Amino acid sequence: MKSSFAGLFEENSEDRFPPQLLGVSIAQAVDCGLTGTDRLGLKGSVRASNGRGDGHVAAIWKKNIGGVALENTLTVSSDNVQVSTRIARSIFTRSAVILQPALQYSYQQEAFVPSLSFIFSMRLRMRWQGSLMWHVTPMNSAFTTTLVHTEYNQPKALSPTNSNIRLVYYVREPAKDAFTECAVQISLYGIAPSINFERRLSRFSRVGASLHFTFPACILSAKLKLKTGQSVFEWHIVLCDDRENLTRSFVYGVALPIFAVQAAKVLFRPWWEKAALIFEDNKRDLQADLARQEEAGKVIHLMRPTAERIKREEEQRRGVIILEAKYGQCEQSGSRAYPMAGERTIDVTIPLQAMVHDSQLRIYSVKSQLPGFYDPCPNEPKMLQIRYLFREELHAVTVGDEMPVTLPLRG
1 MKSSFAGLFE
11 ENSEDRFPPQ
21 LLGVSIAQAV
31 DCGLTGTDRL
41 GLKGSVRASN
51 GRGDGHVAAI
61 WKKNIGGVAL
71 ENTLTVSSDN
81 VQVSTRIARS
91 IFTRSAVILQ
101 PALQYSYQQE
111 AFVPSLSFIF
121 SMRLRMRWQG
131 SLMWHVTPMN
141 SAFTTTLVHT
151 EYNQPKALSP
161 TNSNIRLVYY
171 VREPAKDAFT
181 ECAVQISLYG
191 IAPSINFERR
201 LSRFSRVGAS
211 LHFTFPACIL
221 SAKLKLKTGQ
231 SVFEWHIVLC
241 DDRENLTRSF
251 VYGVALPIFA
261 VQAAKVLFRP
271 WWEKAALIFE
281 DNKRDLQADL
291 ARQEEAGKVI
301 HLMRPTAERI
311 KREEEQRRGV
321 IILEAKYGQC
331 EQSGSRAYPM
341 AGERTIDVTI
351 PLQAMVHDSQ
361 LRIYSVKSQL
371 PGFYDPCPNE
381 PKMLQIRYLF
391 REELHAVTVG
401 DEMPVTLPLR
411 G
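UniProt numbering applies: residue 1 is where the sequence shown begins, and numbers increase by one.
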């Protein structure tokens with residue numbers, strides 16, 4: 001959907017007008033497998049722009065018979081109804097023959113128009129595809145030769161239509177599965193800076209927003225996007241289309257809404273967090289945690305005799321003796337240099353004692369993947385807290401999940 005809010009930010013109240021709907025476009029498709037060789041699909045689209053609308057709906061039946069692919073399509077639109085059949089067969093490894101008869105009925109002319117297309121397609125080289133098509137109708141016929149060169153996203157220095165330079169800066173947040181993209185495009189027509197933000201809303205949904213500005217045309221537009229499964233919903237909003245109202249459009253259309261949202265998150269934080277929990281789906285994570293927790297318990301039971309033996313040896317040589325070790329949630333009030341343990345932690349004393357070798361403990365890998373460990377707080381910062389004896393002196397250390405562990409420490 002595309003709409004214009006530019007009339008709301010006119011300086012003179014007499015010139016202001018309500019938001020306008022510029023256009024709407026809806027498209028949907030579904031494809032289902034009936035048997036091993038039969039598939040049935042249904043697709044349709046509707047669009048409206050400047051007071052005029054158009055659309056169509058099509059039903060497709062696909063069937064594979066040996067080396068022959070058969071596709072039957074029934075298309076109904078506002079102007080005509082068409083029935084077509086597409087028969088394709090591979091001749092050699094790199095070539096195929098396609099036969100496509102069709103019958104079209106026009107509402108206005110009240111006449112049937114048959115047609116027949118014969119296509120021979122062949123891959124000439126790795127990136128070159130050629131085809132010969134002969135299209136026959138009662139009114140006219142045509143013979144078309146086509147050569148297609150696939151570039152596979154190869155870099156291009158110049159473009160004959162619009163040469164431009166685009167600079168992009170990405171900032172990613174893996175914890176929220178989010179990214180922010182800042183870009184500037186410089187072309188012969190002007191400069192177009194933009195900013196785009198997108199993050200995960202739930203397991204199968206993503207939400208995003210972007211702001212785009214074009215100079216010297218002074219067009220300021222925004223876009224809101226929601227992805228759910230295979231569906232994408234987009235809303236384009238034109239905020240300004242002239243230079244005189246650019247400042248007012250930016251202040252009232254961009255700055256104030258962002259400030260209002262951030263203030264609402266601070267003032268109504270409990271309600272905001274409850275609303276955010278509606279979109280969270282942690283069932284799979286919880287199942288994985290239960291399975292991982294059960295597996296970690298079995299591993300600790302097997303490691304207990306080894307840990308007790310190593311502890312007795314370390315006591316004799318006055319080496320590293322693990323008194324207490326906790327792994328889990330990192331308190332947000334702590335810092336990167338001095339992390340603090342939260343409430344959701346697990347006891348990993350036995351696994352760490354079993355990993356002590358020659359009065360030394362070295363951990364460089366991801367701690368949640370160590371034997372006897374599991375992740376008690378997914379998608380949250382974690383730490384490892386250890387209290388141990390070395391040369392009969394008490395030591396304590398707390399490190400973040402991404403930091404290595406080397407015991408004993410000099411301090």
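Even glycine gets a Cβ: it sits at the ideal position worked out from N, Cα and C.
All of these numbers come straight from a predicted model, not from anything done at the bench.
Short Cβ contact (9 Å threshold) for residue i with residue j
i: G36; j: W61; result: no
i: R166; j: I195; result: no
i: V405; j: I386; result: yes
i: Y105; j: V81; result: yes
i: D54; j: V46; result: yes
i: L103; j: F118; result: no
i: S221; j: L201; result: no
i: W271; j: M1; result: no
i: G130; j: T144; result: no
i: A175; j: N12; result: no
i: A183; j: F215; result: no
i: S249; j: F9; result: yes
i: R89; j: E71; result: no
i: H56; j: S84; result: no
i: V148; j: F120; result: no
i: E331; j: D347; result: no
i: Y374; j: E273; result: no
i: V399; j: L389; result: no
i: E181; j: V168; result: yes
i: R318; j: E392; result: yes
i: P381; j: P339; result: yes
i: I258; j: D241; result: no
i: V30; j: A58; result: no
Identity of the residues DSSP links to residue i by a beta bridge
i: F268; result: Looking at the DSSP assignment, F268 forms no beta bridge with any residue, so it has no partner.
i: L192; result: For clarity, residue 192 is Ala in the given sequence; the question names Leu instead. DSSP lists Q185 as partners of A192.
i: K274; result: Answer is none; K274 lacks a bridge partner.
i: F197; result: T180 and A209
i: N64; result: A69
i: N80; result: S106
i: G55; result: V46
i: V232; result: K227
i: I237; result: S3 and A222
i: S202; result: S205
i: E173; result: A178
i: R86; result: E71
Neighbourhood of residue i by C-beta, 8 Å cutoff - its chain only, sequence neighbours within 5 removed
i: Q20; result: S3, S4 and G7
i: Q179; result: Correcting the residue identity first, residue 179 is Phe in this sequence and not Gln. So the qualifying residues of the chain are Y170, V171, R172, E173, F197, E198 and R199.
i: N162; result: S187, L188 and Y189
Own chain, CB closer than 7 Å to residue i, minus 5 neighbours either side, in chain order
i: E314; result: V320, I321, V356 and S359
i: R344; result: G328, Q329, P376 and C377
i: I350; result: I300, M303, R304, A307 and G372
i: Y252; result: F9
i: I26; result: S45 and V46
i: R16; result: G7, L8 and E10
i: P310; result: The sequence shown places Ile at residue 310, rather than the Pro named in the question. Here the set comprises Q353, A354 and V356.
i: G229; result: F204
i: S368; result: Y374 and D375
i: N64; result: T37
Start and end residues, beta strand (DSSP E) containing residue i
i: F213; result: S205 to T214
i: E71; result: V68 to S77
i: L224; result: I219 to T228
i: residue 412; result: Nothing in the structure corresponds to residue 412, since the chain is present only between 1 and 411.
Where the alpha helix (DSSP H) through residue i begins and ends
i: R243; result: First-last for R243: undefined, no H or E at that position.
beta-carbon residue i near the ligand HEM non-hydrogen atom, thresh 8 Å
i: S210; result: The model on display carries no ligand, and the ligand HEM is accordingly not part of it.
Same chain only: Cβ atoms within 6 Å of residue i, ignoring 5 sequence neighbours per side
i: L226; result: V207 and F233
i: Y364; result: P404
i: H212; result: S194 and S221
i: D177; result: R200
i: N140; result: none
i: A69; result: A88
Beta carbon proximity, residue i to chain E, threshold 9 Å
i: G67; result: Checking the listed chains, one finds no chain E in this structure; it contains a single protein chain.
(request) May I have a chain-ordered list of the alpha helix (DSSP H) segments no shorter than 4 residues that lie completely inside the UniProt domain "DnaJ-like protein C11 C-terminal" (290-408)? (result) Listed in chain order, the complete alpha helix (DSSP H) runs (minimum 4 residues) inside the UniProt domain "DnaJ-like protein C11 C-terminal" (290-408) are 349-354.
(request) Only counting runs of 3 or more residues, tell me where the beta strand (DSSP E) segments fall wholly within the region 88-170, in order along the chain. (result) 95-106, 111-123, 128-136 and 141-149
(request) Quick one: which unbroken beta strand (DSSP E) runs of 3-plus residues sit fully inside the region 15-52? Chain order, please. (result) 20-33 and 38-49
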